[in-house]
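Okay, so the sequence shown: first residue is 26 according to the numbering used here, each after it adds one.
Yeah, the Cβ is synthetic: ideal placement off N, Cα and C, and Gly gets one too.
Have a look at the structure below, then the notes.
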Amino acid sequence: MIREQLTEASKQYDAQQTIWVNQLEASHLTRERYESYANQIDKRTMIREQLQREEEEGVQLRHHKQMIEEKLKNQERPDLHEMEMKVKEVAECSEQASKQLITAQDALSRHRHVISEWNTLREQTAQEEQKLETIKLIADTGKGINPQKMTFETYVQTAFFDQILHAANIHLDQMTSGQFRLERKVETAKGNAKSGLELLVFDAYTGQSRRVQNLSGGEGFKASLSLALGLAEVVQ
26 MIREQLTEAS
36 KQYDAQQTIW
46 VNQLEASHLT
56 RERYESYANQ
66 IDKRTMIREQ
76 LQREEEEGVQ
86 LRHHKQMIEE
96 KLKNQERPDL
106 HEMEMKVKEV
116 AECSEQASKQ
126 LITAQDALSR
136 HRHVISEWNT
146 LREQTAQEEQ
156 KLETIKLIAD
166 TGKGINPQKM
176 TFETYVQTAF
186 FDQILHAANI
196 HLDQMTSGQF
206 RLERKVETAK
216 GNAKSGLELL
226 VFDAYTGQSR
236 RVQNLSGGEG
246 FKASLSLALG
256 LAEVVQ
């Protein structure tokens with residue numbers, strides 16, 4: 026059944042094709058000219074549709090223009106020359122500000138570099154000051170600026186002096202039957218006076234110490250002799 030329908034449709038197509046060819050011959054047209062005309066008709070249809078769209082857009086633009094003109098009706102027309110001058114002035118100010126900004130940035134960079142070097146120098150100076158404080162402390166101690174008010178030289182001398190006194194007291198104890206004993210004054214002197222080598226004599230009878238200048242002639246002779254003997258022994 027389908028084959029019969031297909032055959033019938035093919036016959037109808039051939040019949041229509043024959044009619045179409047006959048009409049072309051009657052109109053003195055060829056297939057090429059017919060297709061050319063058909064294409065022109067299609068183009069005209071497209072052009073007509075495009076024109077219609079453009080006309081609609083034109084109507085919208087005129088309406089929009091009319092609205093803008095209504096809004097600007099009472100507005101004063103701006104002075105374009107004056108506006109151009111202002112824009113030029115603003116541009117010049119902006120350029121000048123940019124140059125100033127570059128100069129300021131360069132100055133800031135230099136200042137930061139100087140600050141960095143200054144901080145480094147300050148740290149080095151603080152370290153040097155700490156070293157100097159240590160050196161000054163040692164120097165002051167050597168000069169006698171200390172709680173004992175004793176110079177380094179006196180400190181060394183006291184070490185030998187104590188050895189001499191120890192040797193001298195052995196002889197003085199025998200000479201005075203144990204009454205006197207030579208001592209080095211260890212109390213700090215008053216004021217700015219240096220201390221460490223002042224000599225005292227301890228009296229076992231009174232239980233007090235006194236200056237060697239307060240001894241009698243015989244007692245002073247014995248003290249001096251014992252010191253001389255002690256010095257000789259320590260030096261040897």
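Measuring CB to CB, does D187 end up less than 9 Å from R209? Taking 9 Å as the cut-off, the beta carbon of D187 is found closer than this to the beta carbon of R209.
Beta-carbon proximity of L250 to L224, cut-off 9 Å: Going by C-beta atoms, L250 is not nearer than 9 Å to L224.
The alpha helix (DSSP H) with S249 in it runs from where to where? 242-260
If you measure between the beta carbons of K247 and T201, is that distance less than 9 Å? yes
Suppose you measure from the CA of E81 to the CA of E94; what does that come to, to the nearest Å? 20 Å
List the endpoints of the continuous beta strand (DSSP E) containing S234. Per DSSP, the unbroken beta strand (DSSP E) holding S234 starts and ends at 233-236.
With burial defined as no fewer than 16 other Cβ atoms inside 10 Å of the residue's Cβ, what is the status of H315: buried or exposed? With the chain represented from 26 up to 261, any question about residue 315 goes unanswered, as that position is not in the structure.
Distance cut-off 8 Å: R135 Cβ against heavy atoms of the ligand ADP: Although the ligand ADP was asked about, the structure shown includes no ligands whatsoever.
So, using beta-carbon positions, are F185 and V259 closer together than 9 Å? Contact: yes.
Assuming L240 and I189 make a contact with CB atoms under 8 Å, what is their CB distance in whole Å? With a contact defined as Cβ atoms closer than 8 Å, L240 and I189 miss out at about 18 Å.
In whole angstroms, what separates the C-alpha of R135 from that of S141? 10 Å
Unbroken stretches of the alpha helix (DSSP H), 4 residues or longer, contained in the region 117-205: 177-200
Could you check whether L146 and A193 sit closer than 9 Å to each other, using their CB atoms as the reference points? no
Beta-carbon separation of V211 and V226 under 9 Å? no
Let me make sure I understand the geometry here. Which of N144, D104, G203, E244 has the alpha-carbon closest to that of G232? G203
Quick one: Cα of Q100 to Cα of V115, how far? 25 Å
Cα-Cα separation, H191 to G242: Roughly 22 Å separates the two Cα atoms.
From I27 to L76, what distance separates their C-alpha atoms? Between I27 and L76, the C-alpha separation is close to 48 Å.
Please report the straight-line C-alpha distance between K90 and L105, rounded to a whole angstrom. 21 Å
Start-to-end residues for the beta strand (DSSP E) that takes in V211: V211 -> no beta strand (DSSP E), and no H or E assigned at all.
Secondary structure at E224, three-state DSSP: helix, strand or coil? Sequence check: residue 224 is Leu here, not Glu. Three-state DSSP puts L224 in a strand.
How would you call L252, buried or exposed, if buried means at least 16 neighbouring beta carbons within 10 angstroms? buried
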